[in-house]
Amino acid sequence: MGYADVYAAWKADPEAFWMEQAKAIDWDTPPTRALNDDNAPMYEWFSEAKVNTCYNAVDRHVENGRGEQTAIIYDSPITHTKREISFIELRNRVASLAGALRAKGVEKGDRVIIYMPMIPEALEAMLACARLGAVHSVVFGGFAANELAVRIDDAKPKAIIAASCGMEPGRVVHYKPLVDGAIELATHKPDFCVIFQREQEVAELIPGRDYNWHGFQYGVAPAECVPVEGNHPAYILYTSGTTGAPKGVVRHTAGHLVALNWTMKNIYNVDPGDVFWAASDVGWVVGHSYICYGPLVHGNTTIVFEGKPIGTPDAGTFWRVIQEHNVKSFFTAPTAFRAVKREDPKGEFVKKYDLSCLNAIYLAGERADPDTIKWTQEMTGKPVYDHWWQTETGYTIAGNPVGIEPLPVKIGSPTVAMPGYDVQILDDAGHPVAAGELGAIAIKLPLPPGTLPTLWNAADRFQKSYLNTFPGYYETGDAGMIDEDGYLYIMARTDDVINVAGHRLSTGAMEEVLANHPDVGECAVIGVTDQLKGQLPLGFICLNNGCDRPHEDVIKEVIASVRNTIGPVAAFKLVTVVDRLPKTRSGKILRATMVKIADNAEFKMPATIDDPAILDEIRAALKPMGYAGV
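Following this line, the structure appears as structure tokens:
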């Protein structure tokens, strides 16, 4: 069956389609039906079944004779450490940690916050919670104490599992003082903390509350897997909300297992035993789905990489890891390749490594501009597949189903909707628009298994945030279009569609033109307030390493390119050169914050910002142009 047949089969009978996929999971009580729509639009999948995530990710591989296979490869260029953990070793370590947590009172339904760097113990902590039926909430290691406190008060964890420190190029990030500060600020106090002491920094433990990771497990009986209901929360993952209050995305256990397992072959085209690498962090959804759960459930070897695309030690680190560990499928964010391209525009580092093991590269996390895709294709000689999904969905909404049938790549499009997703483009009144027209991207309900069923303790906010704008649909918050071949194009967040003198224009389309310039390494376009036209586009460009041309010349050329490509209607005249763009730690550009700076509006410092000092640089670049409160 080709893609069209598979998609049509899902659409004709979603119940039968998902029941068939559920056969790949080992159930304690198998499902008798897939969709529970008794409480629509709050849909649930496989809710009456019973299952355990950790059993499916770890124990069953040991029982099926794969115990000696490597489950986790740890590669840390920052600490010069490499380690491999087999499935049998992983089972023993996870069962031991789960037993120690249980001995301290952690049971099914209790929440545990995990605050860890990219080390195998982070995955072990997640799996130990899953083994007990405890609900984990991973908070990105290094998050500020007040942001961690907000999450403690929302999730009300029985325990916090943390490391003593995280490692960044050239510096140690002290985790333990941040945990202590967060507990002090929070109204809710966890019963206890477990601290993994790293050799780079041994933290001081508070007697009676804090336990050493290793000592805490000594002499305790290992825990067996606890079966949970299909609609039991596997985890809570906080995503930054527009109001500044974090939204706790909930993931139900059964749908999560079924959907992720399906994607490993059908989208990423890996077989059990193959090495799969998602260069992300466990603090983000990619880390949950494709560093921890997806690969392990499917029987793949996963890589835990503690490093950066550049500077650990150079722009060749990705290629080294791929060659050394025989990576078959590689997934990262476009921003990572933009950093590599800016550092190594001619691809000198790529040539040093043998990438023959690699089948394909997948990009997601933000819009992949055509220039970055073309550069990556040319330098690696590999297919590069953009695909689109969200923290809320947990896996691909639109992508290239390479394991079913590789579809022709249209650069600028993440290809087509995956089974489970009926994607539509709507106008402001909620009516579908014609092919090729820009509108709001919405997904017809019900969403497929593995997507968010609600927000943690905030069902009303869930409906208001996602379901109320277009009744019968999930509102993605993205704007785009579908062409006559059914290919989807994500042009911008809905907020990034700007209105210039009555014309709705996509900032993403303008960024595409800027990124095409040979001297531009990275760029962003925002809409700033203009009394005459309502909004005007303003471009920020970062120049490639080695570019010594006058800034004015490059600015003139990119303005001319936008006018030629999009037309004078874009009124594109404002461009400034900056050294770097403000981003989240996962690489998303903070455009909304840049808009507020330009418009001199009040804003809350984004919790996920990588380096707050960049905002001062943006402010300084805007002032000569008459923005940022001049």
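Mapping the sequence shown onto UniProt numbering, position 283 (from 1) lands on 283, and the numbers just tick up by one. By construction, the Cβ of each residue, glycine as well, lies at the ideal position given by its N, Cα and C atoms.
Suppose the cutoff is 6 Å on Cβ atoms and the five residues either side in sequence are ignored; what does the same chain contact list for residue i look like?
| i | result |
| --- | --- |
| G219 | none |
| H503 | V569 |
| Y421 | I397, I443 |
| I373 | V384, I411 |
| G439 | I425, L426, D427, V433 |
Assuming residue i and residue j are in contact, meaning their beta carbons sit under 8 Å apart, how far apart are those beta carbons, in whole angstroms?
| i | j | result |
| --- | --- | --- |
| D483 | G436 | 6 Å |
| R131 | N52 | 7 Å |
| L97 | Q217 | 6 Å |
| L296 | I322 | Not quite, the Cβ-Cβ distance comes to about 20 Å (not below 8 Å), so this is no contact. |
| L581 | M625 | Between M625 and L581 the Cβ distance is about 16 Å, and since that is not below 8 Å, they are no contact. |
| I72 | I85 | 4 Å |
| V173 | G181 | With a Cβ gap of about 14 Å, V173 and G181 do not count as contacting. |
| G472 | L445 | 6 Å |
| D610 | T584 | 6 Å |
| E201 | S164 | 5 Å |
| L185 | N146 | 6 Å |
| E511 | A524 | 6 Å |
| V139 | G255 | About 23 Å separates the two Cβ atoms, so there is no contact after all. |
| K382 | I361 | 5 Å |
What is the DSSP secondary structure of residue i, reduced to helix, strand or coil?
| i | result |
| --- | --- |
| V630 | Because the pLDDT at V630 is just 49, under 50, the model does not fix this residue reliably, and the value given afterwards should be weighed accordingly. In the structure shown, V630 sits in coil (DSSP, three-state: anything other than H, G, I, E or B). |
| D28 | coil |
| R367 | coil |
| T393 | coil |
| A57 | helix |
| E121 | helix |
| D530 | strand |
| Q377 | helix |
| N600 | coil |
| K623 | helix |
| P14 | helix |
| G477 | strand |
| H288 | helix |
| L132 | helix |
| W388 | strand |
| H551 | helix |
| M1 | coil |
| P568 | helix |
| A613 | helix |
Are the Cβ atoms of residue i and residue j separated by less than 9 Å?
| i | j | result |
| --- | --- | --- |
| D519 | N499 | no |
| W388 | V350 | no |
| P406 | E366 | no |
| I310 | A278 | no |
| G587 | P345 | no |
| V513 | V577 | no |
| C54 | L127 | yes |
| A598 | I490 | no |
| N400 | V416 | yes |
| M116 | G99 | no |
| K104 | Y211 | yes |
Looking only at its chain, what residues have a beta carbon closer than 7 Å to the beta carbon of residue i, apart from the 5 residues adjacent to it on each side?
| i | result |
| --- | --- |
| V285 | L237, T391, G394 |
| A9 | F17 |
| residue 711 | Lying outside 1 to 630, the shown extent of the chain, residue 711 is not represented and no answer is given. |
| D13 | none |
| I25 | V51, N56, L257, V258, N261 |
| E44 | N36, N231, H252, P453 |
| T312 | P77, I78, P169 |
| E343 | I310, A315, N545 |
Considering just the uninterrupted stretch of the beta strand (DSSP E) at residue i, what are its terminal residues?
| i | result |
| --- | --- |
| K328 | 327 to 332 |
| F196 | 192 to 196 |
| A442 | 439 to 444 |
| S96 | Not the beta strand (DSSP E): S96 falls in the alpha helix (DSSP H), residues 87 to 103. |
| I491 | The residue you asked about is not Ile; residue 491 is Met in the sequence shown. That run of the beta strand (DSSP E) goes 488 to 493. |
| A254 | From DSSP, A254 is part of no beta strand (DSSP E) but of the alpha helix (DSSP H) over 253 to 266. |
| L426 | 423 to 426 |
Within a Cβ cutoff of 8 Å, which residues of the same chain sit near residue i, ignoring the five residues on either side of it in sequence?
| i | result |
| --- | --- |
| V112 | L101, V106, A125, C129, A134, V135, H136, S137, P157, K158, A159, I160, I161 |
| D579 | C542, E617 |
| A144 | L178, A607 |
| Y3 | P401, I404, E405, L407, V416 |
| Y487 | K410, S413, T415, V416 |
Would you say residue i faces chain C, with C-beta separation under 9 Å as the test?
| i | result |
| --- | --- |
| Q463 | No chain C appears in the structure shown, which is made up of a single protein chain. |
For the alpha helix (DSSP H) containing residue i, list its first residue and its last residue.
| i | result |
| --- | --- |
| Y175 | 175 to 185 |
| Q217 | 213 to 217 |
| W277 | Premise fails: W277 lies in the beta strand (DSSP E), 275 to 278, not in any alpha helix (DSSP H). |
| G294 | 294 to 298 |
| M510 | 507 to 515 |
Please determine whether the Cβ atom of residue i lies at a distance below 8 Å from any heavy atom of the ligand NAP.
| i | result |
| --- | --- |
| F140 | No copy of the ligand NAP occurs in the structure displayed, which carries no ligand at all. |
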